[in-house]
Amino acid sequence: MPTVPLQVTFRHMPHSDAVETLVRGKVAKLEEFYPALISCRVVIEKEALHHQQGQRFNVRLDLHVPGHEFATTREHHEDFDIAIREAFDVAKRWLEDEVRQQRGDVKLHDTPQRGTVVRLVADERFGFIEKADGGELYFSADNVVDPSFDALEPGMKVQFIEDFGAEEGPQAKRVSVGRHSTG
Numbered sequence: 044m045p046t047v048p049l050q051v052t053f054r055h056m057p058h059s060d061a062v063e064t065l066v067r068g069k070v071a072k073l074e075e076f077y078p079a080l081i082s083c084r085v086v087i088e089k090e091a092l093h094h095q096q097g098q099r100f101n102v103r104l105d106l107h108v109p110g111h112e113f114a115t116t117r118e119h120h121e122d123f124d125i126a127i128r129e130a131f132d133v134a135k136r137w138l139e140d141e142v143r144q145q146r147g148d149v150k151l152h153d154t155p156q157r158g159t160v161v162r163l164v165a166d167e168r169f170g171f172i173e174k175a176d177g178g179e180l181y182f183s184a185d186n187v188v189d190p191s192f193d194a195l196e197p198g199m200k201v202q203f204i205e206d207f208g209a210e211e212g213p214q215a216k217r218v219s220v221g222r223h224s225t226g
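Using the numbering used here, the letters of the sequence shown correspond one by one to residues 44 to 226.
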């Protein structure tokens, strides 16, 4: 179990020992990977019932490491387990980037780029971004950092990192909206 200070909060839903145990296990794995983890806060929230969408769960994860803070929110229809997994997957990728940066392994292609969402395939949870040079990059919902994949729309300006290491070819990772300049 984790040794870092951990706060798990449930909103609009009853406390669950099983879910808290799941979260503690995931935090312990993050701590194994990144022993300098200072603290972690997890908020699991059940939104009000939407007539067309059914139940929706949000998972917010706040990590503190020396010199940095990281926050991510994941939402998922009807399945908080998936939202929890996705939030911790994003956190692990962020910690991996932190480790690479600390070792000086940051590669030139890790520089954030800007582009425009041109197509989304919502039911299969992926889309395409048009880069400044006119080329297109695939991205999956798992690589959307902020806001959630479901909040993206064609035409939105985004920031991303081009990943050349994927077996399927170059892809966009760490896709986000609102962190880039307009100039």
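Cβ coordinates follow ideal geometry from the N, Cα and C atoms, glycine included.
Any 3 or more C-beta pairs closer than 8 Å across the segment 156-171 and the segment 186-204: In short, these stretches touch, since the Cβ pair count reaches three.
Neighbourhood of Phe169 by C-beta, 7 Å cutoff - its chain only, sequence neighbours within 5 removed: In the sequence shown, the residue the question calls residue 169 occupies position 126. Counting only Cβ-Cβ distances below 7 Å, and skipping sequence neighbours, we find Tyr181, Phe182, Ser183 and Ala184.
Identity of the residue in Asn186, Lys89, Arg157 and Val187 nearest Gly177 by Cα: In the sequence shown, residue 177 corresponds to position 134, counting from 1. Closest option to Gly177, Cα to Cα, is Arg157.
Collapsed DSSP secondary structure at Glu74 in the structure displayed: For the purposes of this step, residue 74 is identified with residue 31 of the sequence shown, where counting begins at 1. Here Glu74 sits in helix by DSSP.
Residue range of the unbroken alpha helix (DSSP H) whose run includes Asp124: Position 81 of the sequence shown holds residue 124. Start and end: Phe123 to Arg146.
Cβ-based burial, His119 [other Cβ within 10 Å; buried from 16]: Position 76 of the sequence shown, counting from 1, holds the residue named residue 119. By the 10 Å Cβ count, His119 comes out buried.
Expected contact under 8 Å - CB spacing of Phe113 and Ala130 to nearest Å: Counting from 1 along the sequence shown, the entry for residue 113 is found at position 70. Counting from 1 along the sequence shown, the entry for residue 130 is found at position 87. Contact between Phe113 and Ala130 does not hold, since the beta-carbon distance rounds to 11 Å and is not under 8 Å.
Collapsed DSSP secondary structure at Gly170 in the structure displayed: Along the sequence shown, one-based indexing puts residue 170 at 127. Note: Gly170 maps to strand in three-state DSSP.
Residue environment, Ala175, which counts as buried when at least 16 other CB atoms sit within 10 Å: Counting from 1 along the sequence shown, the entry for residue 175 is found at position 132. That one is exposed.
Residue burial classification, Val187 (beta-carbon count within 10 angstroms, cutoff 16): Translated into the one-based positions of the sequence shown, residue 187 becomes position 144. When all chains shown are included, Val187 counts as buried.
First and last residue of the uninterrupted beta strand (DSSP E) at Ile81: Locating residue 81 in the sequence shown gives position 38, where the first residue counts as 1. First-last for Ile81: undefined, no H or E at that position.
Straight-line gap, Gln108 to Val218 (C-alpha atoms, nearest Å): By one-based count along the sequence shown, residue 108 stands at place 65. By one-based count along the sequence shown, residue 218 stands at place 175. According to the sequence displayed, residue 108 carries Val and not Gln. Val108 and Val218: Cα-Cα distance of roughly 22 Å.
Pro155 to Phe76 span [Cα, whole Å]: Position 112 of the sequence shown, counting from 1, holds the residue named residue 155. Position 33 of the sequence shown, counting from 1, holds the residue named residue 76. Cα to Cα, Pro155 sits roughly 25 Å from Phe76.
Phe203, enclosing beta strand (DSSP E) - first and last residue: In the sequence shown, counting from the first residue as 1, residue 203 sits at position 160. Its beta strand (DSSP E) spans residues Lys200 to Asp206.
Buried/exposed call for Ala126, threshold 16 Cβ in 10 Å: Counting from 1 along the sequence shown, the entry for residue 126 is found at position 83. Buried: at least 16 other Cβ atoms inside 10 Å.
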